[in-house]
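Read the structure below first, then the notes.
Protein chains: 2
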Amino acid sequence: MSPIRVGIIGLGNVGGGALRILADNASLINRKLGAELRVAAVCSRSIESKAPEELSAFPEARRTTDWREVVESPEVDVVAELVGGTGAAGEIIEAAIARGKSVVTANKELMAARGAEIWSLARQAGVRLAMEASVAGGIPIHSVLREGIAGDRIEALLGILNGTCNFILTEMERRGESLETVLAEAQRLGYAEADPTADVEGYDARSKLSLLAALAFGVQVKPESIPTEGIRRIRDVDFLYADRLRHTVRLLAAAEQTPDGLYLAVRPALLPKSAILANVSGSYNAVWVRGAHGADTFYYGRGAGPTPTGVAVVSDLMNVARELMMGGPERVSPFAHAELEPGSPADIGGEVRPYYLRFRVRDRPGIIAELASILASAQISVDAVLQEPSEAKDDLPFVVTVEPAPRRSVEQAIERMSALDFLVDKPLALPFEKGLES
Amino acid sequence: MSPIRVGIIGLGNVGGGALRILADNASLINRKLGAELRVAAVCSRSIESKAPEELSAFPEARRTTDWREVVESPEVDVVAELVGGTGAAGEIIEAAIARGKSVVTANKELMAARGAEIWSLARQAGVRLAMEASVAGGIPIHSVLREGIAGDRIEALLGILNGTCNFILTEMERRGESLETVLAEAQRLGYAEADPTADVEGYDARSKLSLLAALAFGVQVKPESIPTEGIRRIRDVDFLYADRLRHTVRLLAAAEQTPDGLYLAVRPALLPKSAILANVSGSYNAVWVRGAHGADTFYYGRGAGPTPTGVAVVSDLMNVARELMMGGPERVSPFAHAELEPGSPADIGGEVRPYYLRFRVRDRPGIIAELASILASAQISVDAVLQEPSEAKDDLPFVVTVEPAPRRSVEQAIERMSALDFLVDKPLALPFEKGLES
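Going down the list, the protein sequences come from chains W and V.
Here the first sequence stands for residues 929 to 1366, where the numbers follow the numbering used here.
Here the second sequence stands for residues 929 to 1366, where the numbers follow the numbering used here.
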């Protein structure tokens, strides 16, 4: 299989992140594809003065400060436009399509404003166009709406699509401080831009909602036509009252099919604290989708950042590569990898976790001492002993939590305990898992 | 574009759900595809005695009790195997592939046991194979791992993959009852099978974990080789102790790349209540994925049920159809629909929500009366008035919550209020949104 050759234009945060992933995951990517995804050319205005470190992994890639060289190169099959904005980016994409190259873009603003037109150009030229990174960088929401749940009819969606606003609101809530104070700190930390207008006024979320409306409902809606309110008017006192109502305040992008037509809005709203969306904090993004047949689904991940967005760009490059390869019987494997390796799981005995050990005993003095001595001889440290009041002296439950220990040691200790006459049955050992903190 | 012709074998829950979606969403599906997805044949052992209602939408489809007629028909391009199990299902899929037909399956057991072999047959025959419905029916996790985040290197995943066990555990927790009691009720309600062994002992989750391991790590692992513990030994008292530790108990399917190799396990474990996974209750499923570059993502939805699983089957049929169409420049649109319609959002003024109205006032008697009178004249009913103690008589905040009202009425009332001399600034109106209750 010949390699699929990629030209990357723009080496800012997203371009740098994509390059890092292409370098780190090269063999994995090739194994999933069943072909080589090769970085053939890279372009950045400052490539000579400050080439990013990631570039050193691609010594053979052509370097240029002129995007036209990438777009016109016969050595490039797919162009990744990672410049952003609605200026040069549009020119780059049009020129690439005109030269028969497929395009991957992370550009929400351009795609929200001119996406349908650009897709029409791509279709006429017979090339591919992909834009997973344009909404909620770390969440594959395009893939989900385009393919994963393509068969469903979407009734509504509700998203937290702007990480900066979500960070500001959750910090206001957590610390009881004003928007101005939190925004200033976000700017100092680099979470908010010097001019935060696009985020704080909801314009960024509005562009993303326009793209999600296209994906979910097949309509092309101008971002400016979407009723939009930002978070400027939210004050610390609103979190106090919201809390009294067992709610919180989030900037939500909402779309809903109604008898009146498609409602679209970006605005701060109250969400019950028990809602999964209300538990999305910091700079995370999330989208909740209500399908007529699949009912509720929910997607959560990083909204931005070099490598989460880079993952979206690289995944798009892989998907476009697969399609370019599809002249032959090559097909994206239903197993995600072109070939599977026969394997067996590793011996999980070495896995280290804190454990919850629950005992049922016939009560008598000395029980804790005997159990603790077995645990100690297995090098397992007791963390706490919990016992609820109970009258059931013949079948008394209590719990010992232990510090992180290998599963193997815990199993051996439990085995040794099975000879103890005061036990009603074999002790139950459950590991503590962290899950994703909400 | 010629139609893509589908043969459906098996009209149980999943087959019936898929047919219903194909009927309900026919025009939407064709619009997304840019071609017709046509049900050409259906097969079920009892098709004559009890044809499902959904079949009436497809009067032209050939009906048969013999799957060979579907697999051998020159009128069928794609076969959906919805029979389940490892018996006839395997024969059906092999026969379909041997006759050059692409296959969509919902069969976790068969694909976990023989998936790599079947994929190899499909590849040799140059046909497509898709199995989104085989794990967590309502969550497009195959699509996510195969395409959406294909560029990332997965480090770990943690899933709630068995809805029956999750239902039992959350009911035990909620009601403080024993596993036996809750299981008996789940059986009565049809949430658990008469023989619940496959669910309760973790075998179902184990097959699904084997498939997720293939998708995430490219390894082919026999389900029987995965260390597996079911939920039989969990007692009501464990939820009591877990709660004291601010944790809960869930049946987790876990995969983790470690220096020792790939750890895989299905077992009950303790999860902190603050973890998003811990908030997955009832028969829902969820998968949390840790990627080396995209960091954490989380996917949530229905684990089973006729239409959620049907959505997965129909989405697969659409994806296979798109690939079959890909001889020409037809391509799955990056906008999910073959064409976008120009559109504008509906006037959101008719949207009805309860509202949170926050006022800042210069305190004096009669304020509530004046505000309430304006609300009343706009047909808006006050729900509650909240006021925190405050000394700031010149800029006193308080909140009025109101019963559901059209956005338009709320905006008009706020407009009328702007003339009131005691207001420090324009009142803030936030709608209450429900989100997804966790």
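Every residue, glycine too, gets a C-beta built ideally from N, C-alpha and C.
Residue from the options with nearest C-alpha to residue i
i          : options                                           : result
W:Val-1310 : W:Pro-1332, W:Tyr-1131 and W:Leu-1143             : W:Pro-1332
V:Met-1100 : V:Asp-1166, V:Ala-1064, V:Phe-1287 and V:Gly-940  : V:Asp-1166
V:Val-1007 : V:Leu-956, V:Glu-964 and V:Arg-933                : V:Arg-933
V:Met-1254 : V:Trp-1047, V:Gly-1146, V:Ala-963 and V:Leu-1198  : V:Ala-963
W:Ile-1276 : W:Val-1248, W:Val-1239, W:Ser-1337 and W:Ala-1304 : W:Ser-1337
V:Asn-941  : V:Pro-1234, V:Ala-1347 and V:Ser-1135             : V:Pro-1234
W:Pro-1359 : W:Val-1330, W:Glu-1365, W:Gln-1340 and W:Leu-1348 : W:Val-1330
V:Ala-1320 : V:Ala-1304, V:Arg-1288 and V:Glu-1157             : V:Arg-1288
W:Ala-985  : W:Ile-949, W:Gly-1013, W:Gly-1043 and W:Leu-1179  : W:Ile-949
V:Ser-1153 : V:Arg-1074, V:Gln-1307, V:Ile-936 and V:Gly-1130  : V:Gly-1130
W:Arg-1027 : W:Ala-1264, W:Glu-1000 and W:Phe-1263             : W:Glu-1000
V:Ile-1021 : V:Asn-1094, V:Thr-992, V:Ala-1053 and V:Leu-1180  : V:Ala-1053
W:Asp-1005 : W:Thr-1225, W:Glu-1105, W:Arg-1102 and W:Gly-935  : W:Gly-935
W:Glu-1298 : W:Phe-1263, W:Gly-1229, W:His-1265 and W:Ala-1341 : W:Ala-1341
V:Leu-1199 : W:Leu-1364, W:Thr-1033, W:Thr-1225 and W:Gln-1115 : W:Leu-1364
V:Ile-1096 : V:Arg-1250, V:Leu-1179, V:Pro-1068 and V:Pro-1155 : V:Leu-1179
V:Trp-1047 : W:His-1265, W:Gln-1307 and W:Val-1149             : W:His-1265
V:Ala-1034 : V:Ile-1302, V:Leu-1010, V:Leu-1137 and V:Gly-1015 : V:Leu-1010
V:Arg-1161 : V:Leu-947, V:Ala-1223 and V:Val-1128              : V:Val-1128
W:Ala-969  : W:Thr-992, W:Glu-981 and W:Ala-1112               : W:Thr-992
Terminal residues of the beta strand (DSSP E) in which residue i lies
i          : result
W:Asp-1005 : Neither: W:Asp-1005 is in no beta strand (DSSP E) and is coded neither H nor E.
V:Val-1031 : 1030-1033
W:Gly-1238 : Counting along the chain, W:Gly-1238 falls outside any beta strand (DSSP E), though it belongs to the alpha helix (DSSP H) covering 1234-1253.
V:Glu-1331 : 1324-1334
V:Val-1352 : V:Val-1352 -> no beta strand (DSSP E), and no H or E assigned at all.
W:Asp-1224 : 1223-1230
Cross-chain neighbours of residue i in chain W, by beta carbon under 7 Å
i          : result
V:Asp-1080 : Val-1239
V:Glu-1316 : Leu-1168
V:Asp-1224 : Gly-1229 and Leu-1364
V:Gly-1066 : Gly-1222, Ala-1223 and Thr-1225
V:Ser-1071 : Ser-1071, Val-1072, Glu-1075 and Gly-1076
V:Leu-1086 : Glu-1361 and Gly-1363
V:Leu-1143 : Phe-1263 and Ala-1264
Per-residue contacts from residue i into chain W (C-beta, under 8 Å)
i          : result
V:Ser-1153 : Ser-1272 and Pro-1273
V:Lys-960  : Ala-1078 and Gly-1146
V:Ile-1025 : By Cβ distance, chain W contributes nothing, its closest Cβ being about 12 Å from V:Ile-1025, past 8 Å.
Within chain V, the residues that residue i reaches when beta carbons sit closer than 7 Å
i          : result
W:Met-1059 : Pro-1262
W:Pro-1325 : Val-1165
W:Glu-1279 : Tyr-1191
Cross-chain neighbours of residue i in chain W, by beta carbon under 9 Å
i          : result
V:Thr-1092 : Here the premise fails: no neighbours, minimum Cβ distance about 17 Å.
V:Leu-1351 : The premise fails here: V:Leu-1351 is roughly 13 Å from chain W at the closest Cβ pair, so nothing lies under 9 Å.
V:Gly-1043 : Pro-1262, Phe-1263 and Leu-1268
V:Glu-1099 : Simply none; closest approach about 18 Å.
beta-carbon residue i near the ligand FMN non-hydrogen atom, thresh 7 Å
i          : result
W:Ala-1078 : No copy of the ligand FMN occurs in the structure displayed, which carries no ligand at all.
The alpha helix (DSSP H) enclosing residue i, as first and last residue numbers
i          : result
V:Arg-1102 : 1091-1103
W:Val-942  : 941-952
V:Gln-1052 : 1036-1053
V:Ala-1347 : Where V:Ala-1347 is concerned, there is no enclosing alpha helix (DSSP H), given that its DSSP letter is neither H nor E.
V:Gly-1118 : Note, V:Gly-1118: premise wrong, no alpha helix (DSSP H); not H, not E.
W:Phe-1167 : 1164-1172
W:Gly-1018 : 1016-1026
W:Val-1208 : Neither: W:Val-1208 is in no alpha helix (DSSP H) and is coded neither H nor E.
Chain-ordered neighbours of residue i on chain V, where CB pairs are closer than 9 Å
i          : result
W:Thr-1235 : Asp-1080, Gly-1219, Ala-1220, His-1221, Gly-1222 and Ala-1223
W:Tyr-1284 : Asp-1166, Tyr-1169, Ala-1170, Leu-1173, His-1175, Val-1177, Ala-1197 and Leu-1198
Contact list for residue i against chain V, beta-carbon separation under 8 Å
i          : result
W:Thr-1329 : Leu-1173
W:Ile-911  : Here chain W has residues from 929 to 1366 only, and residue 911 of chain W is not among them.
W:Tyr-1119 : Those within 8 Å of W:Tyr-1119 in chain V number zero; the least Cβ separation is about 16 Å.
W:Thr-1186 : Ala-1274, Gly-1278 and Glu-1279
Every unbroken alpha helix (DSSP H) inside the region 1131-1162 of chain W [4 residues or more] | Uninterrupted alpha helix (DSSP H) stretches at least 4 residues long and entirely within the region 1131-1162 of chain W occur at 1131-1145, given in chain order.
Tell me, please, whether the region 1135-1146 of chain W touches the region 1037-1046 of chain W by the rule of three or more beta-carbon pairs shorter than 8 Å.
-> Yes: the two stretches touch, three or more of their Cβ pairs being nearer than 8 Å.
Could you list the residues in the region 946-958 of chain W with a C-beta less than 9 Å from some C-beta on chain C, going in chain order?
-> Absent from the structure: chain C. Protein chains present are W and V.
Contact between the region 1081-1088 of chain W and the region 1197-1217 of chain W: three or more CB pairs below 8 Å?
-> With three or more CB-CB distances shorter than 8 Å, the region 1081-1088 of chain W counts as touching the region 1197-1217 of chain W.
Does the region 1050-1064 of chain V come close enough to the region 974-984 of chain V that 3 or more CB-CB pairs lie under 8 Å?
-> The region 974-984 of chain V vs the region 1050-1064 of chain V: no contact.
Which runs of the beta strand (DSSP E) fall wholly inside the region 972-1013 of chain W and span at least 3 residues, in chain order?
-> Listed in chain order, the beta strand (DSSP E) runs fully inside the region 972-1013 of chain W are 990-992 and 1006-1009, counting runs of at least 3 residues.
Give, in chain order, every unbroken run of the alpha helix (DSSP H) that is at least 4 residues long and sits entirely within the region 1273-1316 of chain W.
-> Those alpha helix (DSSP H) runs which fall completely within the region 1273-1316 of chain W and span 4+ residues are 1295-1305.
Segment contact flag, the region 1115-1128 of chain W with the region 1162-1177 of chain W, C-beta cutoff 8 Å, min 3 pairs | Contact fails between the region 1115-1128 of chain W and the region 1162-1177 of chain W, because fewer than three Cβ pairs, one in each stretch, are under 8 Å apart.
Curious, which full-length alpha helix (DSSP H) runs of at least 4 residues does the region 1056-1090 of chain V contain?
-> For the region 1056-1090 of chain V, not a single whole alpha helix (DSSP H) run of length 4 or above is found.
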